[in-house]
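First comes the structure, then the notes that go with it.
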Amino acid sequence: MRRAGSVGESGAIREERTAAVAADTADTANTAQEKWGAIMRTDVLHAVRLARLDLTLVFRNTTVLFTVLLLPLLMAWLFTQVQGGAEISGVPSTLYVLTGVPGLMLGFAVFTNLVNTFTARREELVLKRLRGGQPSSVAVLGGSALGALALFLGQVALLVIWINRSDGVLPANVPLLVLAAVLGVVLFGLFAAAFSGITPNAELAQVTVLPVILLMMVGAPVAFSVDMLPGPLGTVATLLPVTPVVTIMRTAFLGQDHFSGSGEALGMAGQWVAALPSLGILLAWIAVAALLARWLFRWEPRHG
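According to the numbering used here, the stretch in the sequence shown is residues 1200 to 1503, in order.
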C-alpha cells in the first residue's frame, strides 16, 4: 500500500511539474509575442512619421515638387501631343501614352526622389542618428518609401481623373493596378537605396540618376508597344525593370491584353493570369535590387 501511495504521489508531482513547465512556456511565448507586437507598432509609427515628414518637405520645396510631381505629368502631355491621333495596339494614342506614364512617374517620384533623400540624409548623419534610435533599419528606409508610395499613388489618381475626363475610361482592375504600383515602388525604392550608395553627395544625385531616367524614357513602352521593336531590342525592352510595371498597369487600366500586344479584351481573372509572367519578372528584379541595396547602401558618409 505504501509503495502504491508513493507511486501515486510521484505521478502527481510529475504532472504538477509538467503543468508548471507548460505554463512557463506559454508565458514566455506570450511575452515574446507582446514584445514583437510592440516592436512592430513602434516601427510602423516611426515609418508613418518619417513619411509625413518627407511629404511635408516635398510640398515646401517648389523645385522638388515640380520635379517629382508635375514634371512627369508635363512629359505625359508632351508625349500625347507628339503622337497625334494615331492608334497603338488598337488603342487611341493619347490613351495608350497616358496609361504608360506611371513608368515615368516611378523614375521621378520614387527613384530620383529617394536617391536625393537617402544621399542627403546620409551626408548630414541623419541616417546614422535614426538607425541608432528606436526605429529599425527597415522602418527608417520604409518610412521614406512609404512617402514615395503616397506621392506615386497621388500621381496615379490624378492620371485616372485626367483619363476619365479626356477619354471617359476608368480602371478595369483596381486591385491589379494597385499591386503593380506597390511592387513598382518597392523595386525602384530598392534601386534608389543602391544608387545612393554610389552617389558621393546630394549635389551629384542628379548626375547619378540621369542614365536610369534616360533608359526609362527611351526603353519603357510608354509611347510604343514592345512588339514594334526589332527582335533583340524588343527582348531587351521586355526585360527592363520598368516594363512589367507599365504593361501590368496598362492591362489593369484598359482591361486588354498588352503583354502580347494583341489588345484582346480580358476578364478580371484573365488579366491576372496574363500578368503572371510579368509579375515573375518584376519579383526577380526586386530580388536583384534588394541584393544591390544590401551591398551598396551606406548609413554613414564616405571617408577619405
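All residues carry an ideal CB built from backbone N, CA and C; glycine is no exception. Fair warning: this is a prediction, and the values are worked out from it, not measured in the lab.
Expressed to the nearest angstrom, what Euclidean distance is found between the alpha-carbon atoms of residue 1277 and residue 1314?
26 Å
Nearest-angstrom Cα separation, counted from residue 1321 out to residue 1254
18 Å
Buried or exposed for residue 1367, please, with buried defined as at least 16 other CB atoms from any protein chain shown within 10 angstroms of its CB.
exposed
Residue 1448 beta carbon less than 7 Å from that of residue 1301:
yes
Once DSSP output is grouped into helix, strand and coil, what is the label at residue 1402?
helix
Quick check on residue 1322: does DSSP put it in helix, strand or coil?
helix
DSSP on residue 1397, reduced to helix/strand/coil?
coil
I think residue 1445 touches residue 1473, with their Cβ atoms under 8 Å apart; what is that distance to the nearest whole Å?
Actually they are not in contact, since the Cβ atoms of residue 1445 and residue 1473 sit about 14 Å apart, beyond 8 Å.
In whole angstroms, what separates the C-alpha of residue 1287 from that of residue 1388?
30 Å
Contact set for residue 1371: own chain, Cβ-Cβ below 6 Å, skip 5 residues either direction
1454
Just the C-alpha distance for residue 1343 and residue 1392, rounded to the nearest angstrom, thanks.
10 Å
Round the Cβ separation of residue 1362 and residue 1294 to the nearest angstrom and send it over; I've been treating them as touching at under 8 Å.
7 Å
Around the Cβ of residue 1280, are there at least 16 other Cβ atoms within 10 angstroms (buried) or fewer (exposed)?
exposed
Let me know the secondary structure DSSP gives residue 1379 once reduced to three states.
helix
Alpha carbon to alpha carbon, how far is residue 1384 from residue 1456? Give it in angstroms, no decimals.
23 Å
Thinking just about the alpha-carbon of each residue, which of 1351, 1378 and 1439 is nearest to the one in residue 1451?
1378
Keeping to the same chain, check which residues put their C-beta closer than 7 Å to that of residue 1310; ignore five residues upstream and five downstream.
1387, 1390, 1391, 1408 and 1411
Which class does residue 1476 belong to by DSSP, given the choice of helix, strand or coil?
helix
In angstroms, rounded to a whole number, what distance separates the CA positions of residue 1417 and residue 1431?
15 Å
With DSSP as the reference, identify every bridge partner of residue 1470, one or two as the case may be.
Residue 1470 is not bridged to any residue.
Quickly, what does DSSP pair residue 1286 with across the bridge? List them, please.
1291
At 4 residues or longer, what runs of the alpha helix (DSSP H) sit wholly inside the stretch 1245 to 1288?
1261 to 1264 and 1270 to 1282
If contacts are defined as beta-carbon pairs under 8 Å, then residue 1339 and residue 1329 qualify, I think. What distance do you get, rounded to the angstrom?
5 Å
Within 10 Å of its beta-carbon, does residue 1424 have 16 or more other beta-carbons around it, so buried, or fewer, so exposed?
buried
Shortest alpha-carbon distance to residue 1399 belongs to which of 1499, 1296, 1493 and 1259?
1499
Evaluate residue 1429 with the Cβ neighbour count: other Cβ atoms within 10 Å of its Cβ, from every protein chain shown; 16 or more gives buried, anything less gives exposed.
exposed
So, with DSSP's three-state summary, where would you put residue 1235?
Note that residue 1235 has pLDDT 49, beneath the 50 cutoff, so the model's placement of it is unreliable and no number is given.
Under 7 Å between the Cβ atoms of residue 1299 and residue 1373?
no
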